[in-house]
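Take the sequence shown: its position 76, counting from 1, is numbered 76 in the UniProt record's numbering, and each next residue is one higher.
Every residue, glycine too, gets a C-beta built ideally from N, C-alpha and C.
Computed from a prediction, not measured in an experiment: that's the story for all the values here.
Read the structure below first, then the notes.
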Amino acid sequence: MSTTSEASAQLIYPPNVHANSALLNVKFLSACFAGAAAGILGLENLHGFALFLASTVLTSLCVGVVNCKGRVGKYVHGGWAELVNPGQDNAFTFVLVWTLFYARDNFPRLVEEGKMKIPLRQCLYPRLPNAGTAPIVDQGRDLEDR
């Protein structure tokens with residue numbers, strides 16, 4: 001009969017550990033792509049989180065049906081609940097990538113609509129005068145005279 005330390009060591013099977021890390025990578029990439037899609041599409045508030053929820057469910061269904069052949073409980077310790085659970089890290093990853101792509105694609109539009117109080121030019125170059133209030137001078141001559 002085996003001792004308890006030997007029995008607990010037998011529960012860790014290297015191919016299963018590798019498969020679990022691959023599952024975490026798939027969930028992470030799904031959260032990244034969903035965040036990028038939500039940001040590029042300009043989704044805000046609950047619409048963006050609905051996209052995250054839909055991508056999580058779709059990814060879980062694909063993994064459960066294709067990889068686990070519908071028998072998720074046999075391959076994933078928590079069953080469908082564990083497979084559908086995105087995890088805190090992936091939720092934060094989604095929000096981070098969402099805001100990154102949203103700001104990258106929608107910042108110029110928000111400045112033009114007046115929803116942003118400080119123009120990007122003033123954020124990057126605070127010593128430059130405001131556009132339209134003072135002419136930019138180059139070597140003592142106005143650029144408008146050229």
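Its chain contains 98, 101 and 102 as the residues whose beta carbon lies nearer than 6 Å to that of residue 39, once the 5 sequence neighbours on both sides are disregarded; these appear in chain order. DSSP, reduced to helix, strand and coil, places residue 68 outside both helices and strands of the structure shown, so it counts as coil.
Following the DSSP letters along the chain, one finds residue 47 inside the alpha helix (DSSP H) bounded by residues 46 to 62.
Counted as a single uninterrupted DSSP element, the alpha helix (DSSP H) harbouring residue 84 occupies residues 80 to 84. Under the three-state reduction of DSSP output, residue 87 falls in the coil class, being neither helix nor strand.
A distance below 8 Å separates the beta carbons of residue 31 and residue 86. The alpha-carbon of residue 24 is positioned some 31 Å away from that of residue 106.
Residue 67 and residue 36 have their C-alpha atoms some 25 Å from each other.
Annotated three-state conformation of residue 43 is coil, per DSSP. CA-to-CA, the gap between residue 112 and residue 104 works out to about 14 Å. Under the 8 Å Cβ criterion, the stretch 43 to 58 counts as touching the stretch 75 to 93, having at least three qualifying pairs.
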